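Undergrad: For the protein sequence lines, the chains are A and B, in the order given.
Counting with our numbering, you get residues 2 to 438 for the letters of the first sequence.
Counting with our numbering, you get residues 2 to 438 for the letters of the second sequence.
Quick one: this structure, given as structure tokens, is what I'll be asking you about.
2 protein chains.
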Amino acid sequence: MQVDTLIHARWIIPVEPENTVHENYSLAINEDKIEAIIPGDDARSKFKANNEINLDQHALIPGLINTHTHAAMSLFRGLSNDLPLMEWLNEHIWPAEQKWVNPDFVSDGTELAVAEMIRGGTTCFNDMYFFPGHTAEVCANAGMRAVVGLIFIDFPTAWANDADEYLVKGEEVHDAYRHNPLVNTAFAPHAPYTVSDEPLKRINVLAEELDIPIHMHIHETAFEVEQSIEQHGKRPLQRLKDLGILSSRMLAVHMTQLELNEIEELAKLGVSVVHCPESNLKLASGFCPAAQLGNLGVNVCIGTDGTASNNDLDMIGEMRTAAILAKAVANDCTVLDAHTTLRMATLNGAKALGLDESIGSLKKGNQADIVAIDLEQLETIPLYEPVEQIIYSGNRQQVSDVWIAGKQVLKDRELTTLEYSRLMDKAKEWQEKIKER
Amino acid sequence: MQVDTLIHARWIIPVEPENTVHENYSLAINEDKIEAIIPGDDARSKFKANNEINLDQHALIPGLINTHTHAAMSLFRGLSNDLPLMEWLNEHIWPAEQKWVNPDFVSDGTELAVAEMIRGGTTCFNDMYFFPGHTAEVCANAGMRAVVGLIFIDFPTAWANDADEYLVKGEEVHDAYRHNPLVNTAFAPHAPYTVSDEPLKRINVLAEELDIPIHMHIHETAFEVEQSIEQHGKRPLQRLKDLGILSSRMLAVHMTQLELNEIEELAKLGVSVVHCPESNLKLASGFCPAAQLGNLGVNVCIGTDGTASNNDLDMIGEMRTAAILAKAVANDCTVLDAHTTLRMATLNGAKALGLDESIGSLKKGNQADIVAIDLEQLETIPLYEPVEQIIYSGNRQQVSDVWIAGKQVLKDRELTTLEYSRLMDKAKEWQEKIKER
Numbered sequence: 002m003q004v005d006t007l008i009h010a011r012w013i014i015p016v017e018p019e020n021t022v023h024e025n026y027s028l029a030i031n032e033d034k035i036e037a038i039i040p041g042d043d044a045r046s047k048f049k050a051n052n053e054i055n056l057d058q059h060a061l062i063p064g065l066i067n068t069h070t071h072a073a074m075s076l077f078r079g080l081s082n083d084l085p086l087m088e089w090l091n092e093h094i095w096p097a098e099q100k101w102v103n104p105d106f107v108s109d110g111t112e113l114a115v116a117e118m119i120r121g122g123t124t125c126f127n128d129m130y131f132f133p134g135h136t137a138e139v140c141a142n143a144g145m146r147a148v149v150g151l152i153f154i155d156f157p158t159a160w161a162n163d164a165d166e167y168l169v170k171g172e173e174v175h176d177a178y179r180h181n182p183l184v185n186t187a188f189a190p191h192a193p194y195t196v197s198d199e200p201l202k203r204i205n206v207l208a209e210e211l212d213i214p215i216h217m218h219i220h221e222t223a224f225e226v227e228q229s230i231e232q233h234g235k236r237p238l239q240r241l242k243d244l245g246i247l248s249s250r251m252l253a254v255h256m257t258q259l260e261l262n263e264i265e266e267l268a269k270l271g272v273s274v275v276h277c278p279e280s281n282l283k284l285a286s287g288f289c290p291a292a293q294l295g296n297l298g299v300n301v302c303i304g305t306d307g308t309a310s311n312n313d314l315d316m317i318g319e320m321r322t323a324a325i326l327a328k329a330v331a332n333d334c335t336v337l338d339a340h341t342t343l344r345m346a347t348l349n350g351a352k353a354l355g356l357d358e359s360i361g362s363l364k365k366g367n368q369a370d371i372v373a374i375d376l377e378q379l380e381t382i383p384l385y386e387p388v389e390q391i392i393y394s395g396n397r398q399q400v401s402d403v404w405i406a407g408k409q410v411l412k413d414r415e416l417t418t419l420e421y422s423r424l425m426d427k428a429k430e431w432q433e434k435i436k437e438r
Numbered sequence: 002m003q004v005d006t007l008i009h010a011r012w013i014i015p016v017e018p019e020n021t022v023h024e025n026y027s028l029a030i031n032e033d034k035i036e037a038i039i040p041g042d043d044a045r046s047k048f049k050a051n052n053e054i055n056l057d058q059h060a061l062i063p064g065l066i067n068t069h070t071h072a073a074m075s076l077f078r079g080l081s082n083d084l085p086l087m088e089w090l091n092e093h094i095w096p097a098e099q100k101w102v103n104p105d106f107v108s109d110g111t112e113l114a115v116a117e118m119i120r121g122g123t124t125c126f127n128d129m130y131f132f133p134g135h136t137a138e139v140c141a142n143a144g145m146r147a148v149v150g151l152i153f154i155d156f157p158t159a160w161a162n163d164a165d166e167y168l169v170k171g172e173e174v175h176d177a178y179r180h181n182p183l184v185n186t187a188f189a190p191h192a193p194y195t196v197s198d199e200p201l202k203r204i205n206v207l208a209e210e211l212d213i214p215i216h217m218h219i220h221e222t223a224f225e226v227e228q229s230i231e232q233h234g235k236r237p238l239q240r241l242k243d244l245g246i247l248s249s250r251m252l253a254v255h256m257t258q259l260e261l262n263e264i265e266e267l268a269k270l271g272v273s274v275v276h277c278p279e280s281n282l283k284l285a286s287g288f289c290p291a292a293q294l295g296n297l298g299v300n301v302c303i304g305t306d307g308t309a310s311n312n313d314l315d316m317i318g319e320m321r322t323a324a325i326l327a328k329a330v331a332n333d334c335t336v337l338d339a340h341t342t343l344r345m346a347t348l349n350g351a352k353a354l355g356l357d358e359s360i361g362s363l364k365k366g367n368q369a370d371i372v373a374i375d376l377e378q379l380e381t382i383p384l385y386e387p388v389e390q391i392i393y394s395g396n397r398q399q400v401s402d403v404w405i406a407g408k409q410v411l412k413d414r415e416l417t418t419l420e421y422s423r424l425m426d427k428a429k430e431w432q433e434k435i436k437e438r
């Protein structure tokens, strides 16, 4: 049989079925889909490929899914650090956003972020930012898969002035991309403390009608919870539940403040939790009980948050932080083992986004979103278990090749759809402008 | 004036004086020492160099000092993960050590570790392992600076059978290297629970006589503390204090279990604490109160621990984990700011090892232990503050060049004193043997 691409890999880690590592297997890609994953010898006799690739020191994994980003904020990478959260927001990030955020900023920042993500093995991201139509456009052009957030916030911004405008503009973006194979949308009401009850109810209805997820920061800090009790007489999760907005549609991001009954409720309602360990640590937000959530049946996925608070979009590093931090938080070094952690960053993310029928694992019929990691480097030798090596010793610079929907977007570490030198020049231009502030 | 090497750098971060970043400065090296750090234009007129290097997108920092390693264990990298601590030790690590540890294992494992450390910007490490003479020999040959631990443990091992033999063999290693410019020694009694009172008293006397540090795991886990209370009627720190062994000579590693009065005592006695955040997380040992220790006047430095429990020797990654974790532990995002964290991984380490008169900062007269980091890469752009960028976005693969005692041991990412392909072959040979177990 003729196929477009045939990859012979030292290891293939499909994520589904669980805890599986195929050695010396091959993966066939036809058009945008995975055609087969079978032993190398069988593949060589069965398939004839336009493009045959030997990756004999590499592991193939499903493309990583970063379930919480503010991609355009890449242009604010490292703008200010080591500051108290409210000072950081009030005196640095928000003024910078007020001054700089416009369609060009979003396009250029997103392009930089997409390049960083592809180079680090991320093939899909769930974003929340202003001018989501520009985010979508960049992704469509770069061959990057994304769920762009139709952002909503109670106060006026450069993107919209009031509730109606946020919703109308959001729906326009949704409509423009509803048949795009790479770009999906989600509603993205910013947080319980920045979105009031009425728009939340409207968003909930619209999300059901359009059948898209809802992406929201929830219980990020203790302060948020205290403030809600003062203002609403209840914790944010309870308020959201009373509004009817907690369901399997919801991606609840951060969740550092949780009581046992809340975790049980999340499991029952099918809410997904997006764990952003490095952002939570760096901003001293608290510790998300990632292992406990998983053990009690909550679908937990992993996000980096924006570069302004991380300061990178490195999902391999984030998996490692998630895996080791969870052990200390749970006081149990068996939790978030390597396979579980990889699953959180792939299939669980796909499930949260409603995309697990097509991405998140390597199997016949799925979209060909694939990442190759070169494990034969001095920092990952000797090698006893490839999945454990990726999680505990892997470095994103070992990502050699990336395919999204069958198209190779990283080839031996070279971007194929974006121009490195132009991205660097653009980023430096913004750097000089923003520095002037 | 004629000098050996003149480096023109975009940034020079000397660590001492504090919070300083020189832009467009140059650093002159003569023989093994730093001759000058002055503005680039002055340097060009003042010095004539045999070797002139332009690093116009790089930051120079003092070589990183990894204050806790078991270097040879690199050959056990990722051998087993995600297991309960005692099962991991009893059923995996200790049997593997019993079977494999011999002089060849230590030489080959240390060589691999040294290569990894140099490629990651580490120029000095404080080690604890068997056959320290072989560790020393590898370092002397590779041009790596090290403090090799004269290990002591109550039970017999491949290295020594009883207290006398441990001490005699340790002193032999000390004597053999006492005039070596790169290799220093420290006593390394393993831990309070593996070394009894009598040998600790002898080690304390010998350490004073030889004027060398003492390197010991202390308060790594809650279990260790409980066990000591049962067996000795007191916490390990109190027992060590009563034995008279707590002083500015002591590097106390891990320290996840600390009460306020103990921290105050450590500060008073001048004990240094070696913080190993990733090992502590991965083994679910607990949280070292790094920020509180520093605020109360304790000299805190950073170590990776061995690759079997980390699983790397990446000090740039370890600095980042230390910096972000400390904020969440202290519930204060201003602690362990980027400059403080870099200082912990350089000058504080030198101080703990009694070497701060010659290494740990970039200044005239110091040993030329220097690391260049290329910051003009897509993952570290835009760039607002170089030190913050290194700590929060830096990747060890951005380390381009490394000098130790004036000798360039990494040149545009190529090792100059060790052969990459031979190291890979050796590591694979060990991998195949150890896998058979």
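Backbone N, C-alpha and C define an ideal beta-carbon position, used for all residues, glycine too.
Nothing here was measured: the structure is a model prediction, and the numbers come from that model.
Does the Cβ-Cβ distance between B:Q399 and B:T417 come in under 8 angstroms?
TA: Looking up residue 399 of chain B in the second sequence gives position 398. Looking up residue 417 of chain B in the second sequence gives position 416. In this structure, B:T417 does not lie closer than 8 angstroms to B:Q399 by Cβ.
Undergrad: Go ahead and label B:D176 buried or exposed: buried means 16 or more other beta carbons lie within 10 angstroms of its beta carbon, across all protein chains shown.
TA: Residue 176 of chain B sits at position 175 when you count from the first residue of the second sequence. Under this definition B:D176 is an exposed residue.
Undergrad: Residues of chain B with CB under 8 angstroms from A:Q432, in chain order?
TA: The residue labelled residue 432 of chain A in the question sits at position 431 within the first sequence. Residues of chain B passing the Cβ test: I382, P383, L384 and Y385.
Undergrad: Starting from B:F106, trace the alpha helix (DSSP H) in both directions and tell me its first and last residue.
TA: Translated into the one-based positions of the second sequence, residue 106 of chain B becomes position 105. From DSSP, the alpha helix (DSSP H) with B:F106 extends over P104 to R120.
Undergrad: Mark B:N1 as exposed unless 16 or more other C-beta atoms lie within 10 angstroms of its C-beta, in which case mark it buried.
TA: The structure shown does not extend to residue 1 of chain B, since chain B is modelled only from 2 to 438, so the question has no answer here.
Undergrad: In chain order, what residues of the same chain lie with their CB nearer than 7 angstroms to the CB of B:K342, ignoring the 5 residues before and after it?
TA: Working through the second sequence from its first residue, we reach residue 342 of chain B at position 341. The displayed chain sequence assigns Thr, not Lys, to residue 342 of chain B. Taken in chain order, the residues that qualify are M320, A323, A324 and I392.
Undergrad: Taking the alpha carbon of A:K352 as the point to measure from, which residue in A:N162, A:V299 and A:M129 has its own alpha carbon closest?
TA: Walking along the first sequence from the start, residue 352 of chain A turns up at place 351. Checked all of A:N162, A:V299 and A:M129; the closest Cα to A:K352 is A:V299.
Undergrad: Could you spell out the range, first to last residue, of the beta strand (DSSP E) harbouring A:K364?
TA: Within the first sequence, numbered from 1, the residue matching residue 364 of chain A stands at position 363. Counting along the chain, A:K364 falls outside any beta strand (DSSP E), and DSSP gives it neither H nor E.
Undergrad: Is B:Y385 helix, strand or coil by DSSP?
TA: Taking the first residue of the second sequence as position 1, residue 385 of chain B is located at position 384. If DSSP states are grouped into helix, strand and coil, B:Y385 belongs with coil.
Undergrad: Give me the chain B residues within the contact set of A:S401, using Cβ-Cβ distance strictly less than 7 angstroms, ordered along the chain.
TA: Reading the first sequence from its first residue, position 400 is the one you call residue 401 of chain A. Residues of chain B passing the Cβ test: none, with the nearest at roughly 13 angstroms.
Undergrad: What does a CB cutoff of less than 7 angstroms around B:G223 pick up in its chain, not counting 5 residues either side in sequence?
TA: Taking the second sequence and counting its residues from 1, the one referred to as residue 223 of chain B is at position 222. The sequence given here places Ala at residue 223 of chain B; Gly does not occur at that position. So the qualifying residues of the chain are Q258 and G287.
Undergrad: Using the beta-carbon of each residue, which ones in chain B are nearer than 7 angstroms to A:R78?
TA: Along the first sequence, read from residue 1 onward, the residue named residue 78 of chain A stands at position 77. Residues of chain B passing the Cβ test: P383 and S394.
Undergrad: For a contact meaning CB atoms closer than 7 angstroms, what does A:K170 contact in chain B?
TA: The residue labelled residue 170 of chain A in the question sits at position 169 within the first sequence. Within 7 angstroms Cβ-Cβ: nothing; A:K170 doesn't reach chain B, min ~28 angstroms.
Undergrad: Assign A:G287 to one of three DSSP states: helix, strand, or coil.
TA: Within the first sequence, numbered from 1, the residue matching residue 287 of chain A stands at position 286. Correct three-state label for A:G287: coil.
Undergrad: Taking the beta strand (DSSP E) that B:Y26 belongs to, which residues open and close that run?
TA: Working through the second sequence from its first residue, we reach residue 26 of chain B at position 25. Note, B:Y26: beta strand (DSSP E), H23 to N31.
Undergrad: Checking contacts by CB at 8 angstroms: is B:F126 closer than that to chain A?
TA: As a first step, residue 126 of chain B must be located in the second sequence, where it is residue number 125. No, B:F126 does not count as interfacial toward chain A.
Undergrad: For A:Y421, count neighbouring C-beta atoms within 10 Å of its own C-beta (all shown protein chains included) and say buried if the count is 16 or more, exposed if not.
TA: Locating residue 421 of chain A in the first sequence gives position 420, where the first residue counts as 1. Counting Cβ neighbours within 10 Å, A:Y421 comes out exposed, since fewer than 16 surround it.
Undergrad: Applying a beta-carbon distance threshold of less than 7 angstroms, which residues of chain A neighbour B:T335?
TA: As a position in the second sequence, residue 335 of chain B is number 334, starting the count at 1. Within chain A, the residues near B:T335 are D83, L84 and P85.
Undergrad: Would you kindly report the start and end of the unbroken beta strand (DSSP E) that includes B:K269?
TA: Along the second sequence, one-based indexing puts residue 269 of chain B at 268. No beta strand (DSSP E) holds B:K269; the alpha helix (DSSP H) holding it covers L261 to L270.
Undergrad: Hey, out of A:A187, A:L354 and A:S197, whose CA is closest to A:F156's CA?
TA: Numbered from its first residue, the first sequence carries residue 156 of chain A at position 155. Closest by alpha carbon: A:S197.
Undergrad: Residues of chain B with a CB under 9 angstroms from the CB of A:F288: which are they?
TA: Along the first sequence, read from residue 1 onward, the residue named residue 288 of chain A stands at position 287. Residues of chain B passing the Cβ test: A329.
Undergrad: Would you tell me roughly how many angstroms separate the C-alpha atoms of B:A72 and B:D128, rounded to the nearest one?
TA: One-based indexing of the second sequence puts residue 72 of chain B at position 71. One-based indexing of the second sequence puts residue 128 of chain B at position 127. B:A72 and B:D128: Cα-Cα distance of roughly 7 angstroms.
Undergrad: I need the straight-line Cα distance from B:P214 to A:D105, nearest angstrom please.
TA: Working through the second sequence from its first residue, we reach residue 214 of chain B at position 213. Working through the first sequence from its first residue, we reach residue 105 of chain A at position 104. Computed Cα separation, rounded: 57 angstroms.
Undergrad: Closer than 8 angstroms between beta carbons: that is the criterion. Which residues of the region 32-56 of chain B meet it against chain A?
TA: Answer in chain order: no residues at all.
Undergrad: Would you check if the region 278-296 of chain A and the region 325-342 of chain B touch, i.e. whether three or more CB-CB distances between them fall below 8 angstroms?
TA: The region 325-342 of chain B is in contact with the region 278-296 of chain A.
Undergrad: Going by CA-CA distance only, name the one from B:H180, B:A141 and B:P190 that's closest to B:F131.
TA: Locating residue 131 of chain B in the second sequence gives position 130, counting from the first residue. Residue B:P190 is the option with its Cα nearest to B:F131.
Undergrad: For B:L56 and B:H9, which I take to be in contact (beta-carbon distance under 8 angstroms), what is that distance rounded to the nearest angstrom?
TA: Taking the first residue of the second sequence as position 1, residue 56 of chain B is located at position 55. Taking the first residue of the second sequence as position 1, residue 9 of chain B is located at position 8. Their Cβ separation, rounded to whole angstroms, is 7 angstroms, which keeps B:L56 and B:H9 in contact under 8 angstroms.
Undergrad: Among residues of its own chain, excluding the 5 on either side of A:D33, which ones have a beta-carbon nearer than 8 angstroms to its beta-carbon?
TA: Translated into positions along the first sequence, residue 33 of chain A becomes position 32. P182, Q368, A369, A406, G407 and K408.
Undergrad: Over the uninterrupted beta strand (DSSP E) stretch that includes B:P40, give me the two end residues.
TA: Here the question's residue 40 of chain B lines up with position 39 in the second sequence. Counting along the chain, the beta strand (DSSP E) containing B:P40 begins and ends at K34 to P40.
Undergrad: Check whether the Cβ atoms of A:G304 and A:V272 lie closer than 8 angstroms to each other.
TA: Position 303 of the first sequence, counting from 1, holds the residue named residue 304 of chain A. Position 271 of the first sequence, counting from 1, holds the residue named residue 272 of chain A. No.
Undergrad: Helix, strand or coil for B:E19 per DSSP?
TA: What you label residue 19 of chain B is simply residue 18 of the second sequence in a count that begins at 1. Reduced to three states, the DSSP call for B:E19 is coil.
Undergrad: Any residues in the region 128-146 of chain A with a beta carbon nearer than 9 angstroms to a beta carbon of chain B? Which ones, in chain order?
TA: Here the close residues number zero.
Undergrad: At 9 angstroms on the CB atoms, spell out the chain A contacts of B:R120, in chain order.
TA: Walking along the second sequence from the start, residue 120 of chain B turns up at place 119. Correct list: L379 and E380.
Undergrad: Taking only beta-carbon atoms, is B:M316 less than 8 angstroms away from chain A?
TA: Along the second sequence, one-based indexing puts residue 316 of chain B at 315. Output row for B:M316: interface = no.
Undergrad: Within 10 angstroms of its Cβ, does B:H70 collect 16 or more other Cβ (buried), or is it exposed?
TA: For the purposes of this step, residue 70 of chain B is taken as the residue at position 69 of the second sequence. In the sequence as displayed, the identity of residue 70 of chain B is Thr instead of His. Buried is the call here.
Undergrad: Please tell me whether B:E19 has its Cβ less than 8 angstroms away from any Cβ of chain A.
TA: Here residue 19 of chain B refers to the residue found at position 18 when the second sequence is read from its first residue. With 8 angstroms as the cut-off, B:E19 does not count as an interface residue toward chain A.
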